[in-house]
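**Student:**
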Amino acid sequence: MITIEDFTIMAIGFVDPLVGEISRCPVCGRNGVVQRTETEEPRCIHAEASEVCGDGMRTDPTDCCRLPQ
Numbered sequence: 199m200i201t202i203e204d205f206t207i208m209a210i211g212f213v214d215p216l217v218g219e220i221s222r223c224p225v226c227g228r229n230g231v232v233q234r235t236e237t238e239e240p241r242c243i244h245a246e247a248s249e250v251c252g253d254g255m256r257t258d259p260t261d262c263c264r265l266p267q
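Per my numbering, the very first residue in the sequence shown carries number 199; after that it's consecutive.
1. For I239, which of A247, L265 and I210 has the nearest alpha-carbon?
2. Considering only the alpha carbon of each residue, which of I200, M199 and M208 lies closest to I243?
3. Which same chain residues end up closer than 6 Å to C223 when comparing Cβ atoms and leaving out the 5 residues on each side of it in sequence?
4. With 16 other CB atoms within 10 Å as the buried threshold, where does F212 fall?
5. Taking just the CA atoms, how far does I220 sit from D253?
Next up, the structure:
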């Protein structure tokens, strides 16, 4: 089963325990979750797809903006 989570409809300041706090994207102005990792460029995720697999859950961004570093 695939689930789409749209962060653009959530209020700024709302905290999702799995992904973090909803904030305004500095690139496009839509709501999203800022994700920073050591291996990838920082990005603001506006929507993501999650799929439950036999060995865990896979989550992929479906709409995001790359943030300046």
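From the three backbone atoms N, C-alpha and C, an ideal C-beta is built for every residue, glycine too.
**Tutor:** In this structure, then:
1. Position check: residue 239 holds Glu in this sequence, whereas Ile was assumed. Nearest option by C-alpha distance: L265.
2. Minimum Cα distance to I243 is reached at M208.
3. G230, C242 and C263
4. exposed
5. 29 Å
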